[in-house]
Amino acid sequence: MKEINITYKTPNYEITYNQVIRGCPKKHFHETLTMVALEKGELEFSVKKEFLLSVNRLLCINPYEIHSVPSIPMKNEKLYALYIEKDWLESLQKELLGVESYLPLETLIVSQSLYEAFINLCKLMLSDTFTMQKEEQLVLFLQTLLRQQTKEEQPLHSETLAHDIRAFIDKDRLFELTLEDIAKNFHIGTFHLIRLFKKSFDMTPHQYILSQRLNRAKALLLKDESIAEVALECGFSDQSHLYKYFKEVFGISPKAYQESLM
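Just so we're aligned, residue -1 is where the sequence shown starts under the working numbering, counting upward by one.
Set out below in structure tokens:
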């Protein structure tokens, strides 16, 4: 069987997709939080005790937790794995929950909604979408996971700060801001930024910026600029990237929209 392995990696997290799974029977540990889900099949894991991982279940292996996977023949199991750096996750837990040290997660999570959210997140992370959107969706998923694990409610956030953040984004005419840039300007963490913005405007910073880009693209198409030029001027990597989001939001391609105006 041909091995299919796909990886997306940043300094803080890594996501992998594997169709061919090799067992790792020797006991070992990772320094990261490891989250695993199968889109097909079943797989045995040993984490403190034996677990059978199947569809609709999410396995969480905490940092330094001893585990193993029995040797198995190669199968078309379709496994997604997310590895999150402990320090980065600790900072997220501190912002969301107010804890001072890492809070271990439950090993086996039986929740169809969390399972589906995790699979969809992994597919998004392995796609060619914007980096900001990937990080936002990861933070929102972890926020949901942590809240369900701890059952803690979060405090209300300042509407004034949210509007100040939106005004700051509006000034970026070149669409060069990153989440880190925005958070640093307001002396808050990126996790807090995403939560606050979404709570106030019912969309993430990325969704808001994408909307700005697309509206700017519509205005430029009115001026009969080439689609390639419009794409670059509005922060898209190329015209196919613009086409994808323009069609998704407006239900019509940039070219068809421009021709309809003519």
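The beta-carbon is built from N, C-alpha and C at its ideal position, and this holds for glycine as well.
A quick note: this is a predicted structure, and the numbers were derived from the prediction, not measured.
Inset, instruction - State the DSSP-derived secondary structure class of Ser66, mapped to helix, strand or coil. - result: Taking the sequence shown and counting its residues from 1, the one referred to as residue 66 is at position 68. If DSSP states are grouped into helix, strand and coil, Ser66 belongs with the strands.
Inset, instruction - Name, in chain order, the residues that DSSP records as bridge partners for His239. - result: Residue numbering aside, residue 239 sits at position 241 when the sequence shown is read from its first letter. Looking at the DSSP assignment, His239 forms no beta bridge with any residue, so it has no partner.
Legend entry - Unbroken alpha helix (DSSP H) run spanning His204, endpoints: For the purposes of this step, residue 204 is identified with residue 206 of the sequence shown, where counting begins at 1. Element bounds for His204: Pro203 to Leu220.
Inset, instruction - Put Phe244 into one of helix, strand or coil per three-state DSSP. - result: The sequence position of residue 244 within the sequence shown is 246, counting from 1. Correct three-state label for Phe244: helix.
Inset, instruction - Please work out which residues of its chain come closer than 6 Å, Cβ to Cβ, to Ala115, disregarding the five sequence neighbours upstream and downstream, and give them in chain order. - result: Looking up residue 115 in the sequence shown gives position 117. So the qualifying residues of the chain are Phe139.
Inset, instruction - Kindly indicate which three-state DSSP category Glu134 falls into: helix, strand or coil? - result: In the sequence shown, counting from the first residue as 1, residue 134 sits at position 136. Glu134: helix per DSSP, three-state reduction.
Inset, instruction - Have a look at Lys46 and Glu29 and give me their C-alpha separation to the nearest angstrom. - result: Here residue 46 is taken as the residue at index 48 of the sequence shown, counted from 1. Here residue 29 is taken as the residue at index 31 of the sequence shown, counted from 1. Taking the straight line from one Cα to the other gives about 17 Å.
Legend entry - Val108 - partner residues in DSSP beta bridges: By 1-based counting over the sequence shown, the position of residue 108 is 110. Per DSSP, Arg55.
Legend entry - Close beta carbons around Gln141, own chain, < 7 Å, minus the five adjacent residues each side: Translated into positions along the sequence shown, residue 141 becomes position 143. Cβ within range, chain order: Leu94 and Arg193.
Legend entry - N- and C-terminal bounds of the beta strand (DSSP E) containing Leu41: In the sequence shown, counting from the first residue as 1, residue 41 sits at position 43. Following the DSSP letters along the chain, one finds Leu41 inside the beta strand (DSSP E) bounded by residues Glu40 to Val45.
Legend entry - Tyr255: first and last residue of the uninterrupted alpha helix (DSSP H) it sits in: Counting from 1 along the sequence shown, the entry for residue 255 is found at position 257. Element bounds for Tyr255: Pro252 to Leu259.
Legend entry - Residues bridged to Met33 (per DSSP): Indexing the sequence shown from 1 puts residue 33 at position 35. Bridge partners of Met33: Cys58 and Leu80.
Inset, instruction - Classify Gln17 as helix, strand or coil using the three-state DSSP reduction. - result: In the sequence shown, the residue the question calls residue 17 occupies position 19. Three-state DSSP puts Gln17 in a strand.
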